[in-house]
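The block underneath contains the structure these notes are about, expressed in structure tokens.
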Amino acid sequence: MKRKFTHVALLLLLLTTILMSGCKKEVEELAVVTMFAGDYININGVDQYQIWSRMMRPSSMEDNQKKEGASSDYLISASSTSLNDLISKLMVRLPKTPFYGHTYVYVFGARSAQEKILPQIEITMSNPDSRPAVFVLATKGLASQIIQLEPSGTTTLTQQVKNQSEKIAIDKGVACGVTMNEFSEWLLSPDRDALLPEIEPVSSMEGETVPDSVIVQGFGVFREAKLVGWLDKEESLGYLLISRKLKNVHIVVPFKKDNKSLSYYISGSKNKINFKIIDGKPSFKIKIQTVGFVAETDGYDITPDQIKPLERIISDKIREYPLKSIACAKKYDADYFGLMQKIHRYDPSYWQEIAPNWRDIFQQADVEVEIEAKIAGSGAVSKSFSLKP
Numbered sequence: 061m062k063r064k065f066t067h068v069a070l071l072l073l074l075l076t077t078i079l080m081s082g083c084k085k086e087v088e089e090l091a092v093v094t095m096f097a098g099d100y101i102n103i104n105g106v107d108q109y110q111i112w113s114r115m116m117r118p119s120s121m122e123d124n125q126k127k128e129g130a131s132s133d134y135l136i137s138a139s140s141t142s143l144n145d146l147i148s149k150l151m152v153r154l155p156k157t158p159f160y161g162h163t164y165v166y167v168f169g170a171r172s173a174q175e176k177i178l179p180q181i182e183i184t185m186s187n188p189d190s191r192p193a194v195f196v197l198a199t200k201g202l203a204s205q206i207i208q209l210e211p212s213g214t215t216t217l218t219q220q221v222k223n224q225s226e227k228i229a230i231d232k233g234v235a236c237g238v239t240m241n242e243f244s245e246w247l248l249s250p251d252r253d254a255l256l257p258e259i260e261p262v263s264s265m266e267g268e269t270v271p272d273s274v275i276v277q278g279f280g281v282f283r284e285a286k287l288v289g290w291l292d293k294e295e296s297l298g299y300l301l302i303s304r305k306l307k308n309v310h311i312v313v314p315f316k317k318d319n320k321s322l323s324y325y326i327s328g329s330k331n332k333i334n335f336k337i338i339d340g341k342p343s344f345k346i347k348i349q350t351v352g353f354v355a356e357t358d359g360y361d362i363t364p365d366q367i368k369p370l371e372r373i374i375s376d377k378i379r380e381y382p383l384k385s386i387a388c389a390k391k392y393d394a395d396y397f398g399l400m401q402k403i404h405r406y407d408p409s410y411w412q413e414i415a416p417n418w419r420d421i422f423q424q425a426d427v428e429v430e431i432e433a434k435i436a437g438s439g440a441v442s443k444s445f446s447l448k449p
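Residue numbers (this note's numbering): 61 to 449.
Quick look at the structure:
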């Protein structure tokens, strides 16, 4: 009986090996696309679309490349005045059948996002093989410059950008990932505007052993499917506090107390947005609650009776970020918070009255921000210390 079982196990192992080798061969016949970059540029006096794709090398080639110290993926590009022709040119240049199951990132250059974002989104979403969960980003320069950079601390550039979009940017409160599906819904929405996280090249510091790479930080603001401006770090944090529920984050908010420099570390936040219609004009009240701790530094010890006064100081400091982001929304005339969308959803009769000129109403709307910051604890040590000369 034991011998029979052994024979069956060996047979199953043999079949598995054969099937796996067959699958491996099939995979190596595919061009696995992991990242796209789209630009709209002028070539010899003619405006053209340009697309770059980054693809994984087959495992057999990848092993050889690693031995030689080369990248584990490769780039292909194409240019044309027509998007359909552009895709045809790219397909011809691909060495194998394209596979989009591992496509995670799409970067748009500034001019492309300013002038030609909608047709590119439409043709991408119409592709039955496209992934609606792909992360979309915008850069102030050319997307081609981004996709040609090397990764820093990860296997591939695609994985690095995916990690930053998915986790790191929101953990630090500087941006958040936006998917192709979410972005396209915003672009087509009749009652709100869109934004995309900003990706930019970053140079390595002197003495660092990592190559020049990228950072995801800030947002690009869209109005009627056109890129119109950018949010800096503080304005981006303001957007996140208003629009997202933050969990398990590590966001640093510096502040001063008695001329001492302290830091409040936000670990979580939640928000609630209410509105009233007063004399035909909407009035919004945004309440944001945060929880975090204060690091005891600069010789400053926190006692229980100081908690409440500190919370008020921190609340006032945090309030600056949403107010700056709201000011930017009105400057760009772009409701990327979706405030007017709330009116459309919860007061449809009033929306019908203002729909033709909802942007004018948004500009006139009063927006009040209330912050309630809670200190859940203080630094890792019970007593602060200072170095003696």
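Ideal Cβ placement from N, Cα and C applies to all residues, glycine included.
Residue i to residue j span [Cα, whole Å]
i    : j    : result
A425 : Q219 : 42 Å
G328 : P364 : 22 Å
K316 : V93  : 49 Å
N102 : I373 : 51 Å
I346 : E284 : 25 Å
S446 : L370 : Caution is warranted here: a pLDDT of 42 is assigned to S446, below 50, making its placement in the model unreliable, and no coordinate value can be reported.
M400 : S409 : 13 Å
N124 : T215 : With a pLDDT of only 44 at N124, under 50, the local geometry of the prediction cannot be trusted, and the value read off the model is given with reservation. Cα to Cα, the separation comes out at about 15 Å.
S296 : K200 : 16 Å
Y406 : I337 : 12 Å
W246 : I136 : 30 Å
P179 : E294 : 32 Å
A97  : L306 : 29 Å
P342 : R191 : 38 Å
D432 : S375 : Correcting the residue type first, residue 432 is Glu in the shown sequence and not Asp. Rounded to the nearest angstrom, the two C-alpha atoms are 6 Å apart.
I378 : L150 : 48 Å
W411 : R419 : 12 Å
L287 : Y100 : 13 Å
R304 : A355 : 25 Å
N417 : Q423 : 10 Å
V276 : D339 : 42 Å
A170 : Q205 : 12 Å
M95  : I207 : 8 Å
F159 : A193 : 15 Å
S132 : M240 : 26 Å
I333 : C236 : 20 Å
I259 : I177 : 16 Å
S321 : N223 : 32 Å
V429 : I326 : 18 Å
Y134 : S263 : 22 Å
G105 : V427 : 47 Å
K368 : I362 : 11 Å
G213 : E89  : 29 Å
L383 : Q366 : 26 Å
A440 : S142 : Caution applies to A440, whose pLDDT of 42 falls short of 50 and renders its modelled position unreliable; the model cannot decide the point.
Rounded Cβ spacing between residue i and residue j (contact assumed at less than 8 Å)
i    : j    : result
R257 : F279 : Checking the sequence, you will find Pro at residue 257 rather than Arg. Correct: roughly 6 Å between the Cβ atoms.
S385 : Y299 : 5 Å
A203 : V281 : A203 to V281, Cβ: 18 Å. No contact.
Q452 : S140 : The structure shown does not extend to residue 452, since the chain is modelled only from 61 through 449, so no value can be given for it.
K451 : A91  : The structure shown has nothing for residue 451, since the chain only spans 61 to 449.
F353 : A436 : 6 Å
I302 : I348 : 7 Å
P211 : S273 : 6 Å
Bridge-paired residues (DSSP) for residue i
i    : result
G328 : K307 and V351
F279 : P257 and L291
W112 : A97 and S137
V221 : According to DSSP, which records beta bridges pairwise, V221 is partnered with nothing at all.
N451 : With the chain running from 61 to 449 in the structure shown, residue 451 is simply not present.
P158 : A91
Beta-carbon proximity check, residue i vs residue j, cutoff 9 Å
i    : j    : result
S172 : F195 : no
F335 : I414 : no
Y396 : A387 : no
L255 : V234 : no
D231 : N308 : yes
A198 : V167 : yes
Y392 : G289 : yes
R117 : A138 : no
P261 : L209 : yes
T350 : K434 : yes
Y360 : D318 : yes
Distance cut-off 8 Å: residue i Cβ against heavy atoms of the ligand NAP
i    : result
G161 : The ligand NAP is absent from the structure shown, which contains no ligand whatsoever.
Problem set entry | Touching by the beta-carbon criterion (3+ pairs, under 8 Å), the region 306-313 and the region 244-253 | no
Exercise. Are there three or more Cβ pairs, one per stretch, closer than 8 Å when the region 96-116 is compared with the region 163-171?
Worked result: yes
Exercise. Counting pairs of beta carbons, one from the region 171-187 and one from the region 132-147, are three or more of them closer than 8 Å?
Worked result: yes
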